[in-house]
Amino acid sequence: MKIQVLFGSANDERVYGPLCRSLEKCGDVKMEVASAHRDPARVHEIVKTCGADAFVAGAGLAAHLPGVVASLTDKPVFGVAVNGAFAGLDAFLSIVQMPRGIPVAAVTEENANTIGDFIVRLAKVPKDRLCLHWNRCLESYSPIQKALDEIQTQTGLQIEWTAAQAENCLGEIVSPWELPHTQGLNLFLCEKEQLASSNLALDFYAKARHGGFWVGANNVANFVNQWNKLKVLGASR
Numbered sequence: 195m196k197i198q199v200l201f202g203s204a205n206d207e208r209v210y211g212p213l214c215r216s217l218e219k220c221g222d223v224k225m226e227v228a229s230a231h232r233d234p235a236r237v238h239e240i241v242k243t244c245g246a247d248a249f250v251a252g253a254g255l256a257a258h259l260p261g262v263v264a265s266l267t268d269k270p271v272f273g274v275a276v277n278g279a280f281a282g283l284d285a286f287l288s289i290v291q292m293p294r295g296i297p298v299a300a301v302t303e304e305n306a307n308t309i310g311d312f313i314v315r316l317a318k319v320p321k322d323r324l325c326l327h328w329n330r331c332l333e334s335y336s337p338i339q340k341a342l343d344e345i346q347t348q349t350g351l352q353i354e355w356t357a358a359q360a361e362n363c364l365g366e367i368v369s370p371w372e373l374p375h376t377q378g379l380n381l382f383l384c385e386k387e388q389l390a391s392s393n394l395a396l397d398f399y400a401k402a403r404h405g406g407f408w409v410g411a412n413n414v415a416n417f418v419n420q421w422n423k424l425k426v427l428g429a430s431r
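FYI, in our numbering the residues of the sequence shown are 195 to 431.
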């Protein structure tokens, strides 16, 4: 397996240094510094010619690099929100809120080194069904009911409730009233009206700092899209 790591600034070595070492358990790792704003042509060249099976892109502040990478490839992209300002909140929100059809699995800086473990564990995640965790006490919460129905419809797969720490657990559906229990592909769900509150953004970021890889709030389409990409990646291990 080949993993291409891209970061927008050489000043982020404190993040990508340990990250690259942690990814070596997955296969061959190559690191490049290329900014989506200062050198977009170089980013395009790297993504289109490197032959990677997966990408990890990190940036702070405006943090457009992971999204740009995702727009150039059909391979899975993990986006690392570097703590450049506002404790990384601005970077995380820039990375996680991708339009439908172009998912990025956003992760906070302090959890970046869990990407390698997640990629390794993908080999144990079933491909013929979706093993997910959610709070069964909140099954009557309408966003959860709706999301489960949509995920099953879009994937054509049976959804199986799974313990959060089980090896076959892909990830978790998380509501505004709880913290995540998995280091997997997580989906944050809330009522549509709640998205008008900036306080919810702070709550979302607090959950992300607790762990996991996130594809936006209420973005079932990108959750499914990212799962389809990860399924291929897991089968290649």
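We put the CB at the ideal spot given by N, CA and C, even for glycine.
Practice task
Determine the closest residue to V237 out of A246, E226 and D247, with distance taken between C-alpha atoms.
Solution key: Considering only alpha carbons, the answer is E226.
Handout entry: Anticipated Cβ contact below 8 Å, T302 with A402, distance rounded
Key = Indeed they touch by this definition, with Cβ atoms about 5 Å apart.
Practice task
On a CA-only basis, which of V274, A429, L200 and Y335 is nearest R315? Give me that one, please.
Solution key: By alpha-carbon distance to R315, the top candidate from V274, A429, L200 and Y335 is A429.
Practice task
Could you tell me the distance, in whole angstroms, from the CA atom of Q291 to the CA atom of A411?
Solution key: Distance between the alpha carbons of Q291 and A411: 8 Å.
Handout entry: At least 3 beta-carbon pairs within less than 8 Å: the region 408-424 vs the region 337-346
Key = Yes, they touch.
Problem - Per-residue DSSP class, three states only, for D397 - result: Collapsing the DSSP output to three states places D397 in a helix.
Practice task
Please name the residue in L287, W408, S334 and F272 whose C-alpha comes closest to that of E278.
Solution key: One detail in the question is off: residue 278 reads as Gly in this sequence, not Glu. The shortest C-alpha separation from G278 is found at L287.
Exercise for the section: Rank C384, L373 and G378 by C-alpha distance to the C-alpha of Q359 and give the top, closest one. Expected result: Checked all of C384, L373 and G378; the closest Cα to Q359 is G378.
Problem - Residue from N422, V409, Y399 and W421 with nearest C-alpha to A281 - result: Closest by alpha carbon: Y399.
Exercise for the section: Kindly indicate which three-state DSSP category I309 falls into: helix, strand or coil? Expected result: I309 falls in the helix class under three-state DSSP.
Handout entry: K269 to A390 span [Cα, whole Å]
Key = Distance between the alpha carbons of K269 and A390 is about 32 Å.
Exercise for the section: Assign T243 to buried or exposed, taking buried as 16 or more other Cβ atoms, counted over all protein chains shown, within 10 Å of its Cβ. Expected result: Burial call: exposed.
Practice task
Label A357 either buried or exposed according to how many other C-beta atoms from any shown protein chain fall within 10 Å of its C-beta, with 16 as the threshold for buried.
Solution key: So A357 counts as exposed.
Handout entry: Contact check, I338 vs I367, beta carbons under 8 Å
Key = Contact: yes.
Problem - As assigned by DSSP and simplified to three states, the class of W328 - result: Residue state, collapsed to three classes: coil.
Practice task
Tell me whether T376 sits in a helix, a strand or coil according to DSSP, three-state version.
Solution key: DSSP places T376 in coil when its eight states are reduced to three.
Handout entry: For A204, three-class secondary structure by DSSP
Key = DSSP places A204 in helix when its eight states are reduced to three.
Practice task
Please report the Cβ distance between A230 and L255, rounded to the nearest whole angstrom; I am assuming they are in contact, meaning their Cβ atoms lie under 8 Å.
Solution key: A230 to L255, Cβ: 11 Å. No contact.
Problem - Inter-residue spacing [alpha-carbon to alpha-carbon] between V209 and D284 - result: When rounded, the distance between both Cα atoms is 17 Å.
Exercise for the section: From the DSSP output, in three-state form, read off I296 for me. Expected result: Looking at I296 - three-state DSSP - the assignment turns out to be coil, as it is neither helix nor strand.
Practice task
Find the nearest neighbour of S265 within the set G245, P293 and A257, judged by alpha-carbon distance.
Solution key: Of the candidates G245, P293 and A257, the one whose C-alpha sits nearest the C-alpha of S265 is P293.
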